[in-house]
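Protein chains in written order, with the numbering used here: chain U, -12 to 407; chain L, -12 to 407.
Idealized CB from N, CA, C, for every residue including glycine.
Structure representation (structure tokens):
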């Protein structure tokens, strides 16, 4: 078998497994998740030594960033968290089979709308090896087969996690082909997978522009993009400025490397004089580089970098903040709709009417009034888990967890009804 | 402006209009729909004379099928129905703003999940000019901007309908750019539109393999496919055979040219001797050409055409039926999952356990027990309208109406909460 045939066989067997998975009981799925959690802890030594191979390669090979190496590193703690995530997933309500709607038609037909798994879910991600077990757990709990593609930099780590989890499946009624790991040492493998719309129901790419573009340009399979977060906080002239200060500091500084961190702060002109000098000083103390618009730089009265047009469209994922003074709520809304990534945006205001207009007019997955955008997260939303944050509008928007890994079908019960 | 710039400007203005549409009241949207209905009736003469131009071109030009010309023809009755569809849409509940879910988190955050329009919806369709006004009505009622692309064969008809509807918009608060009609006399226009993922939120192609393939291969915009219906009816050995006879005849004969008509009849071996000879005779009397598997041909004992492998994958949309005798429920399920189009499939049985297995294992949008597949239709389901039947699994599956033209966003209300 050449590589293309191998990938096709993989996807085909995943589809077959997915169709069997539909009938596997919740108890059996939970049993599998618990076995997997136990196995990860048991094989901790093996996992850490395989992870070392990736870390060594990263250290010797191309110049990986410190942040990437941190995300790649597996410690005892990481493995405990992975096991815990599987146990938490076992505790979540099984979404499959949920009666979403039910209605009777005048002709006597009973129509039920039932939640069902999507089928075969392909997930593409980078660096963090824990995604391998988290995603497998969520897919299995929702009766989906999973085809995973991790990054080349996590080749050994992902391979080790996958092998351990797959071995456990053989002790359950879940077919082992329900989980598949794409070879990540041959980039052609992914290209072949993207051609298999006959077997794969959805591709979920989690990553940057290059990955998202590659996927959407090379597949006919539906895609749910987990793209960047260019998140804004708009501080209105009707804001409680102490609250605004606290929210902005948190949204920028608490964990700058994630998609729900603030990248651009918009400040109403009538609040700018009171608000900007203080927050800029505190941001700078916290190590944040400020890039301001012309008015910001005038008001702050100390040398800060000028924001270029490109800054408004940039996800820094770092201690950098672009700041713009706007003349109206409308200008703020327009700026966010034009430059944002439709992820998470916040207004700080005490004016309900203004808040309402912001919530209605900004076209983003998650909109906040008086709270940090950092809360956009499946766990924080109470979903108990997350496969990621969808920046798409179709099927799933914002935090994606078990329900978002399902679709539905209509069951129609008759007594011989025919159409007139 | 060249054509590409013209299409870009069109999509851009549609997006701008969509963002304004979010704030237009239900009353105002209904007013527009009623004005449009009235205008269609008022301009009946103009519509029929423009439609004549298309019919003349069709008669003189390429060899169009009788069925296509029938679908293309606009009569007084057609126009009345179009107007009625707009009035019916006005009566439907406005989906925008519906509170889909609401929950409070331990930290005090209130999270609301709110139904919102998708944004800019592109709909691509063929021949039937009534789709132009039906789709515009549904999109406007759900606060979406609509970009339509009809077939070249309906150039004058679609242009006339569009002009009448757009003129009415200028009497309302809805921006006229909320509806757009792509030039259908230059095929490049559609190609340009498919590149505009920045402005267009979804493409809904309603049509055959060639159209669906062209769209999915040429766009990064999410697509909801309205593809073919290869619908099956499986007659079990536990069926009430009189009921099965009635259901199969209806599913094949009542309106063979539509996507929810039966294309393949599967018959359990133990029912075949009793069931097949009678139904085949009655199908033939009704003008249906039968294409049977080897066993079917042996059992029926009169000359019928042999089904080829290709028949199992064919949507005839005509008075043709492929017939296969299967040895088990599992074989029936497997045949449908392999050869069907995941649209609508039926089992006729009195055995509840068997029905349950069929409903669980067949991977289609609509599954029937003891009723004709012809009921897969937004109106028949009680949705009051339909934009079409989605054969995709993501976002919308089966009949698509107002709710399926929406997505959601999360509104998070805080009092200064920040992430720990």
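Worksheet item: What span of residues does the alpha helix (DSSP H) with residue 15 of chain U cover, start to end?
Response: 13 to 29
Worksheet item: Where does residue 46 of chain U land, buried or exposed, given buried means 16+ other C-beta within 10 angstroms?
Response: exposed
Worksheet item: So, helix, strand or coil for residue 357 of chain U, using DSSP?
Response: strand
Discussion item. What does the alpha-carbon distance come out to for the pair residue 82 of chain U and residue 393 of chain U?
Written reply: 8 Å
Fill in: Span of the beta strand (DSSP E), counted from its first residue to its last, around residue 395 of chain L
393 to 404
Discussion item. Report the start-end ranges of each beta strand (DSSP E) in the region 168 to 218 of chain L that is 3 residues or longer and not cut off at the edges.
Written reply: The DSSP assignment places complete beta strand (DSSP E) segments of no fewer than 3 residues inside the region 168 to 218 of chain L at 189 to 192, in order along the chain.
Fill in: Residues in the region 2 to 32 of chain U having any Cβ partner in chain L nearer than 8 Å
Within the region 2 to 32 of chain U, the residues whose Cβ lies closer than 8 Å to some Cβ of chain L are 6, 9 and 10, listed in chain order.
Practice prompt. Compare the C-beta of residue 355 of chain L with all C-beta atoms of chain U and state if any pair is closer than 8 Å.
Written response: yes
Worksheet item: Would you report the Cα separation of residue 413 of chain L and residue 92 of chain L, rounded to the nearest angstrom?
Response: Only positions -12 to 407 of chain L appear in the structure, and residue 413 of chain L is not among them; the question remains open.
Discussion item. So residue 381 of chain L contacts chain U; which residues on that side make the cut at Cβ distance below 8 Å?
Written reply: What residue 381 of chain L touches in chain U: 105, 188, 189, 209, 211, 381, 382 and 394.
Practice prompt. Only counting runs of 3 or more residues, tell me where the beta strand (DSSP E) segments fall wholly within the region 69 to 152 of chain L, in order along the chain.
Written response: Here the runs fully enclosed are 86 to 91, 97 to 104, 107 to 111 and 132 to 136.
Fill in: the region 365 to 385 of chain U / the region 311 to 319 of chain U touching (three or more Cβ pairs under 8 Å)
no
Discussion item. Between residue 347 of chain U and chain L, is the shortest Cβ-Cβ distance under 8 Å, so that the two count as touching?
Written reply: yes
Worksheet item: residue 204 of chain U touches chain L at which residues, Cβ-Cβ below 7 Å?
Response: Taking the beta carbon of residue 204 of chain U as reference, the chain L residues within 7 Å of it are 207, listed in sequence order.
Item to complete: Under 7 Å between beta-carbons, which chain L residues line up against residue 154 of chain U? List them in chain order, please.
Response: None at all; the shortest Cβ gap to chain L is about 28 Å.
Worksheet item: Given residue 85 of chain U, which residues of its chain have a CB within under 6 Å of its CB, disregarding the five upstream and five downstream residues?
Response: 102
Worksheet entry | Interfacial residues, the region 305 to 328 of chain U to chain L, with Cβ spacing under 8 Å | 324
Fill in: Interface residues of the region 169 to 198 of chain U facing chain L [CB-CB below 9 Å]
184, 188 and 189
Practice prompt. Taking all protein chains shown into account, decide if residue 409 of chain L is buried (16 or more other Cβ within 10 angstroms of its Cβ) or exposed.
Written response: Nothing about residue 409 of chain L can be read from this structure; chain L reaches only from -12 to 407.
Worksheet item: Just the Cα atoms here: how many angstroms apart are residue 259 of chain L and residue 106 of chain U?
Response: 33 Å
Item to complete: Show which residues of chain U have a CB atom less than 9 Å away from the CB atom of residue 92 of chain L.
Response: Close partners of residue 92 of chain L in chain U (Cβ separation under 9 Å): 362, 367, 368 and 369.
Item to complete: Quick one: which residues of the region 135 to 152 of chain L get their C-beta closer than 8 Å to a C-beta of chain U? List them in chain order.
Response: none
Practice prompt. Taking residue 157 of chain U as the reference, give the member of U:20, U:190, U:403 and U:275 with the closest Cα.
Written response: U:20
Fill in: In chain order, each alpha helix (DSSP H) run of at least 4 residues that lies wholly inside the region 316 to 380 of chain L
316 to 326 and 339 to 348
Worksheet entry | Neighbouring residues, chain L, relative to residue 262 of chain U (Cβ below 8 Å) | Those within 8 Å of residue 262 of chain U in chain L number zero; the least Cβ separation is about 15 Å.
Worksheet item: So what does DSSP say about residue 278 of chain U, is it helix, strand or coil?
Response: strand
Worksheet item: Grouping DSSP H, G and I as helix and E and B as strand, with all else coil, what is residue 270 of chain U?
Response: Of the three classes helix, strand and coil, the one that applies to residue 270 of chain U here is helix, per DSSP.
Item to complete: In the DSSP assignment, find the alpha helix (DSSP H) that holds residue -5 of chain L and state where it starts and stops.
Response: -10 to 8
Item to complete: Since I believe residue 104 of chain U is in contact with residue 8 of chain U (beta carbons under 8 Å), could you give me their beta-carbon distance rounded to a whole number of angstroms?
Response: 7 Å
Practice prompt. Using the Cα positions of residue 22 of chain U and residue 159 of chain U, report the straight-line distance between them to the nearest angstrom.
Written response: The alpha-carbon atoms of residue 22 of chain U and residue 159 of chain U are separated by roughly 9 Å.
Discussion item. For residue 335 of chain L and residue 342 of chain L, I'd like the C-alpha separation in whole angstroms.
Written reply: 8 Å
Worksheet item: Taking 7 Å as the cut-off, does the CB of residue 359 of chain L come closer than this to any heavy atom belonging to the ligand GTP?
Response: Of the ligands one can find in the structure shown there are none, so the ligand GTP has no counterpart to examine.
Worksheet item: Going by the beta-carbon positions, is the gap between residue 310 of chain L and residue 353 of chain L smaller than 8 Å?
Response: no
Practice prompt. Put residue 287 of chain U into one of helix, strand or coil per three-state DSSP.
Written response: In this structure, residue 287 of chain U counts as helix in the three-state DSSP scheme.
Item to complete: Determine the direct distance from the alpha carbon of residue 62 of chain U to that of residue 69 of chain U, and round the result to whole angstroms.
Response: 11 Å
Worksheet item: Any beta-carbon of chain L closer than 8 Å to the one on residue 385 of chain U?
Response: True, the Cβ-Cβ gap to chain L drops below 8 Å.
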